[in-house]
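Note sheet for the following structure.
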Amino acid sequence: MKQSQIKFALLALLFVFSSQGLPSENKPTVTIGLVDTFSPTFFIESYSPTVDHLMERLTQYQFNLVDINPGNILEDIERYKPDFLISNAFTYVSLMQTHGALQVATKENKETSNFTDSVASTIIVRSDSSIKTLADARGKKAAVSDLESFGGWLIAKGELLSAGYNPDKFFSEIIETKYGVPDVFLLLKHGFVTVGVVESCELEKAIQSGQIKEGDFRVLNQRLNPQKCLVSTPGYPDVVFFSLAGVAPSITKDVTVELLTMPSVGLDFNWTITNNFLPTYNLMQSLRLGPFRHDSAWSVKFLMEKYKNEIYFAVLLLFFLLLHVFQINYLVRKRTGQLSKALKETKKFYLESQKSKQKLHALERMSIVSQISSMFAHEIKQPITNIGYYAGALSMLLEQKPTKDNRAQEIITLLQNELQKSTQIVEHVRSLVKKRPKEKKICDLGVVVSNALGQGLYAQAVENNVPKGEFFTLGDAFELEFIVLNFVRNAKSAVKGVANPHILVSVSEAGAFWKLSVADDGPKLDQQGFENLGKAIQSSKPDGLGFGLSICNAIAESSGGHLEFERGETSGVIASLFVEKFITKEGLRDDEDNSIINTVGG
């Protein structure tokens, strides 16, 4: 017969007896709840005699007996509202804080001298098993009567934990019999499981009843309890009869007196008072059960329920704090952005002001230079003319009085050539000042480069890769020579101090333009120096004015071209002049072609 059927029959009989006596409507009702974690023998040998005695002695009360499900203790307490509960010490301790549980009496076995060690767990194996210690049982299959039973499993679980094991993972599988058939002994005897866990003295009772034979099983971690039974764990207080908060003191007094004076003739127990539930309390704390269930890692739900108001207040406070922080950060970012913007604008205005000052300074210098150049061109023209007259007169004198030494005539010829160039320079300066329209002619860039290099003046330092008769453009040959010469002089200045200096003059195609480039292998310019190329600034040369490339840029743009500057692959600078192509007609005669070249070359 299963445990639930036995309980049903006992409760039915108790109700029959409780219905005798005074009419129930004139009696106060006393509700006694039983937390069902015990074996069927407990109902017959302990529970039934106790309730019978109370009903017999306290006839002034109407007793109501209810069954409390151990898996839903709190819900059933709320549902039935019992005045007293009968349970193991484990349940009693767990309800002390939450429901005001107060001990009325504790069950004491007559055979024990220390009733605080009345109940324990017994871990058994078959006698022929190779398992000798608790460690050997790890990973095996086990059977228990009830996972909620204090002596039948929870005490054994605490013993495994104290031995350093995780009781939830110690056995590979746990079979729960619920006190049915087959029970723990049968499952273990026939090899369905390897280990069995029963409450203390259950092994001895099974041997005494003939259910099993002595020697069929062996106890692990063996020790004797006060009842002279073999157990595997320390003992704890047995069944506790306790009241809950709200019970009338007179009822508690009457029940307490009757339990403590209950005759024990024919019984193996009596009711007494114990004052040591500390081991039970410590066991619950170590197993994280009862009031300590929510002390484990998964305690969010418990904390939310217990500290709901505090958590709501903290969340609200945190929300306003985050809102305040967000507002402060927003204002700081806003003010910082405004300040950064103001600083950028200030810096921008400062740089623009500096650039404007530089441009104004350059314009002032250009204006001064323009005025000085005009004055110089005007004043130098007459002396140059006079020198030409003197050279011509000297040449005529030599013709009248010839000498055997021709060097004098050669010197005079060279002097006349230089005077002619000087005159051209003066005329170009005067035309620039007066802004006269330019007269463009066909120019051969090969001849321009050769003339700019000074017929051997830079021959050893400059590599000329511009052949004559291949690259033609419309322009002023003198101005083009000026630009090339300026490029070469700047390159010569840049390569000073270089071990093996190299300057390359070349021409390449760039769409509708010829790209005439002068590249050097001088040191790499910094960013500021590179950006200043082509601008009218203070020259870095001791004898320079800083207007060379600026004038070249102006000349190139007035001729429809432009200048570009780029860094070399490893070092130096490449200065380039872009001029429009002039493609000669096919079929020109050699003498016509030569006449053009000679005319351009001067």
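Residues -23 to -1, 1 to 579 in mature numbering (1 follows the signal peptide of the UniProt record, and there is no 0) are what the sequence shown spells out, letter by letter. Virtual Cβ for every residue (Gly too), placed ideally from N, Cα, C.
Supposed close pair residue i, residue j - CB separation, criterion 8 angstroms
i: Val224; j: Asp60; result: 5 angstroms
i: Gly157; j: Leu165; result: About 15 angstroms separates the two Cβ atoms, so there is no contact after all.
i: Ala471; j: Gly545; result: At roughly 10 angstroms, the Cβ-Cβ gap does not stay under 8 angstroms, so Ala471 and Gly545 are not in contact.
i: Leu526; j: Gly538; result: 14 angstroms between Cβ atoms; not a contact.
i: Asn428; j: Glu458; result: 5 angstroms
i: Val475; j: Gly499; result: 6 angstroms
i: Ser122; j: Val175; result: 7 angstroms
i: Phe246; j: Ser23; result: 6 angstroms
i: Ile21; j: Leu42; result: Contact flag wrong, Cβ pair sits at about 15 angstroms.
i: Phe219; j: Val102; result: Not quite, the Cβ-Cβ distance comes to about 36 angstroms (not below 8 angstroms), so this is no contact.
i: Glu456; j: Ile532; result: 5 angstroms
i: Ile361; j: Leu396; result: 6 angstroms
Sequence-distant residues of the same chain with beta carbon closer than 8 angstroms to residue i, five excluded per side
i: Ala489; result: Glu557, Lys558
i: Ile560; result: Phe449
i: Gly192; result: Ser104
i: Ile389; result: Ala368, Leu371, Ser372, Leu375
i: Gln386; result: Ser372, Leu375
i: residue 643; result: Any property of residue 643 remains undetermined from this structure, which presents the chain solely from -23 to 579.
Own chain, CB closer than 6 angstroms to residue i, minus 5 neighbours either side, in chain order
i: Ala552; result: Phe464, Val495, Phe542
i: Lys118; result: Ser149, Glu150, Val170, Thr171
i: Arg34; result: Glu235
i: Lys501; result: Ser548
i: Gly116; result: Ser149
i: Asn253; result: Thr93
i: Gln393; result: Ala368
i: Asp497; result: Ala468, Ala471, Val472, Ile480, Gly549
i: Glu508; result: none
Test item: CB-CB of residue i and residue j under 9 angstroms
i: Leu11; j: Leu62; result: yes
i: Gly267; j: Tyr213; result: no
i: Leu180; j: Val196; result: yes
i: Ala97; j: Thr229; result: no
i: Val81; j: Tyr258; result: no
i: Pro203; j: Thr89; result: yes
i: Pro5; j: Tyr38; result: yes
i: Gly431; j: Lys445; result: no
i: Ile100; j: Ala112; result: no
i: Lys469; j: Ile480; result: yes
i: Lys84; j: Asp231; result: no
i: Ser126; j: Thr14; result: yes
i: residue 618; j: Thr400; result: For the chain, the structure presents residues -23 to 579; residue 618 sits outside this window and is missing.
i: Ser536; j: Lys417; result: yes
i: Glu336; j: Val403; result: The amino acid occupying residue 336 in the given sequence is Lys; Glu does not appear at that position. For Lys336 and Val403, no; Cβs fall outside 9 angstroms.
i: Val208; j: Ser186; result: no
i: Leu72; j: Ala78; result: yes
i: Thr68; j: Val217; result: yes
i: Leu237; j: Thr251; result: no
i: Pro144; j: Leu264; result: yes
Residue-level contact to chain D via CB, residue i, 9 angstroms cutoff
i: Leu295; result: Among the chains in the structure shown there is no chain D, since it carries only a single protein chain.
The ligand ADP heavy atom lying under 8 angstroms from the CB of residue i
i: Glu88; result: Among the ligands in the structure shown, none appear at all, so the ligand ADP cannot be discussed.
Own chain, CB closer than 7 angstroms to residue i, minus 5 neighbours either side, in chain order
i: Ala120; result: Ile152, Thr154, Val161, Leu164, Leu165, Val170, Gly173
i: Val426; result: Asn441, Val443, Val461, Val482
i: Phe269; result: Met261, Gln262
i: Ala183; result: Phe162, Ile189
i: Ser26; result: This sequence places Pro at residue 26; Ser is not what is there. Same-chain partners within the cutoff: Leu244.
i: Pro47; result: Val12, Asp13, Thr14, Glu125
i: Val439; result: Leu430, Val465, Ile480, Val482
i: Ile288; result: Met281
Could you name each continuous alpha helix (DSSP H) segment of 4 residues or more that falls completely within the region 58 to 99, going from the start of the chain to the end? The region 58 to 99 is shown to contain whole alpha helix (DSSP H) runs of 4 or more residues at 66 to 76, in chain order.
Note down, one range per segment and in chain order, each alpha helix (DSSP H) of at least 4 residues found wholly within the region 207 to 238. Qualifying alpha helix (DSSP H) stretches, in chain order: 226 to 237.
Entirely enclosed alpha helix (DSSP H) segments - the region 154 to 183, minimum 4 residues: Secondary structure remark: continuous alpha helix (DSSP H) runs of at least 4 residues inside the region 154 to 183, in chain order: 161 to 166.
Between the region 131 to 148 and the region 236 to 250, can you find at least three pairs of beta-carbon atoms closer than 8 angstroms? Result no; under three Cβ-Cβ pairs closer than 8 angstroms.
Segments assigned alpha helix (DSSP H), at least 4 residues, entirely inside the region 99 to 161: Runs found: 132 to 139, 144 to 147.
Secondary structure, alpha helix (DSSP H): runs of 4+ residues fully inside the region 409 to 484: Taking 4 residues as the minimum length, the alpha helix (DSSP H) runs contained wholly in the region 409 to 484 are 422 to 429, 454 to 471, in order along the chain.
In chain order, each beta strand (DSSP E) run of at least 3 residues that lies wholly inside the region 185 to 209: The region 185 to 209 contains these whole beta strand (DSSP E) runs: 194 to 196.
Counting only runs of 4+ residues fully inside the region 33 to 60, write out the alpha helix (DSSP H) ranges in chain order. Listed in chain order, the complete alpha helix (DSSP H) runs (minimum 4 residues) inside the region 33 to 60 are 50 to 57.
Within the region 273 to 339, note down every full alpha helix (DSSP H) run reaching 4 residues or more, in order along the chain. Annotation: the region 273 to 339 contains the following complete segments of the alpha helix (DSSP H) (minimum length 4 residues), in chain order: 277 to 283.
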